[in-house]
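Numbering (our numbering), first residue to last: 428 to 747. Just so it is clear, CB atoms sit at the ideal spot from N, CA and C, and this is done for glycine as well.
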């Protein structure tokens with residue numbers, strides 16, 4: 428056996444045989460932080476990739492508890508696709524610390540930041556000051572100019588940029604299958620653009636609507652469709668409201684006739700219901716990722732659900 432290993436090693440060094448290529452293996456192994464990104468990778472990578480998401484779509488993306496299996500996935504990964512803009516800052520570094528896979532760390536060929544090219548919305552200083560997000564940012568030493576609202580993927584226009592980033596990285600890492608990835612990428616973008624045209628047309632009558640959101644998740648959607656975010660149930664990023672803040676918010680909503688409240692599926696719905704009930708507003712719960720438990724299997728379905736729920740609520744409010 429020892430002699431055989433020496434012979435095989437010599438054949439590799441001489442180029443007579445080569446280590447397994449991507450084609451000879453099962454495919455590129457890709458790990459994503461979030462399920463919606465995994466769905467995009469699957470759409471573009473098809474049967475040439477093996478994809479694992481570190482989190483489920485029903486989880487709060489800011490606080491994911493790392494599991495032992497994460498180290499296994501990350502150790503074997505060819506590519507790590509991250510949301511970026513520090514959404515994973517509270518948990519991904521811990522998962523990566525035991526992965527022993529340098530090639531997927533930031534600055535190496537297997538690292539893919541999906542927010543590249545996105546026109547991110549800056550956080551206001553008062554949104555971040557003295558919050559867990561603010562303190563974590565200080566710990567990792569990130570410059571203030573790099574902090575952007577990390578929920579950019581809710582805008583379908585940014586979904587096109589994410590898909591482009593995925594396609595380019597797959598083509599770079601596996602050039603032999605570039606035509607395959609390109610065909611899938613073009614098919615996806617054509618489908619998404621068709622849906623975007625329908626969504627944009629349906630939202631046009633509601634430009635200028637004022638609303639309250641629980642977290643700062645739907646800011647990109649607001650920018651795209653001309654909504655005005657009147658206030659947030661969270662006074663600052665990830666900080667729960669006090670009783671005094673809640674009372675003040677409800678009174679301000681009454682004074683300004685704010686009739687719509689949006690809450691993410693993983694947030695404190697009881698608290699959001701109380702705000703909506705006391706202020707006389709309609710509460711709409713929206714998904715922010717992909718998960719079977721939510722009845723959503725891919726990125727476009729996620730957006731279809733968001734727009735469907737939102738448009739139905741706006742139609743009812745428009746009649747009242």
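For residue i, report the span of its beta strand (DSSP E) as first-last.
i: residue 459; result: 455 to 459
i: residue 540; result: 538 to 540
i: residue 712; result: 709 to 713
i: residue 617; result: Not the beta strand (DSSP E): residue 617 falls in the alpha helix (DSSP H), residues 605 to 630.
i: residue 477; result: 476 to 480
i: residue 588; result: First-last for residue 588: 583 to 600, but that is the alpha helix (DSSP H), not the beta strand (DSSP E).
i: residue 688; result: 687 to 691
Just to confirm my understanding: we take residue i, look at its own chain, exclude 5 residues before and 5 after, and list those with CB closer than 8 Å. What are they?
i: residue 711; result: 687, 688, 689, 690, 736, 737, 740
i: residue 536; result: 530, 599, 600
i: residue 745; result: 632, 633
i: residue 622; result: 583, 727, 730, 731
i: residue 576; result: 512, 547, 548, 549, 550, 643, 646, 647
Between the Cα of residue i and the Cα atoms of the options, which residue gives the shortest distance?
i: residue 627; options: 507, 582, 578; result: 582
i: residue 506; options: 531, 470, 734, 489; result: 531
i: residue 675; options: 664, 612, 708, 660; result: 660
i: residue 509; options: 641, 540, 623; result: 540
i: residue 467; options: 728, 747, 604; result: 728
i: residue 488; options: 519, 734, 469, 475; result: 519
i: residue 597; options: 742, 625, 745, 458; result: 458
i: residue 511; options: 460, 679, 721; result: 460
i: residue 693; options: 708, 484, 470, 472; result: 484
i: residue 638; options: 679, 629, 669; result: 679
i: residue 473; options: 624, 742, 681, 594; result: 594
i: residue 671; options: 611, 480, 702; result: 702
i: residue 673; options: 697, 470, 575; result: 697
i: residue 704; options: 677, 493, 580, 522; result: 677
In the DSSP output, what is residue i paired with across the bridge?
i: residue 718; result: 723
i: residue 659; result: 640
i: residue 545; result: The partner list for residue 545 (beta bridge, DSSP) is empty, contrary to what the question assumes.
i: residue 575; result: 549
i: residue 508; result: 459, 539
i: residue 666; result: 663
Cutting at 6 Å between CB atoms, please list the residues of its own chain near residue i, excluding the five before and the five after it.
i: residue 634; result: 653
i: residue 588; result: 544, 545
i: residue 731; result: none
i: residue 498; result: 525, 526
i: residue 747; result: none
i: residue 454; result: 475, 476, 477
Could you spell out where the alpha helix (DSSP H) holding residue i opens and where it closes?
i: residue 467; result: 462 to 472
i: residue 674; result: 670 to 682
i: residue 486; result: It is not in any alpha helix (DSSP H) - residue 486 carries neither H nor E in the DSSP assignment.
i: residue 646; result: 646 to 652
Starting from the C-beta of residue i, find all residues in its chain whose C-beta is less than 7 Å away, skip the five residues before and the five after it, and write them out in chain order.
i: residue 699; result: 641, 660, 688, 690, 710
i: residue 726; result: 463, 466, 467, 586, 717
i: residue 685; result: 637, 638, 639, 657, 706, 708
i: residue 486; result: 693
Original post:
Would you say the stretch 520 to 532 touches the stretch 496 to 506, given that touching needs at least three Cβ pairs under 8 Å?
Top reply: yes
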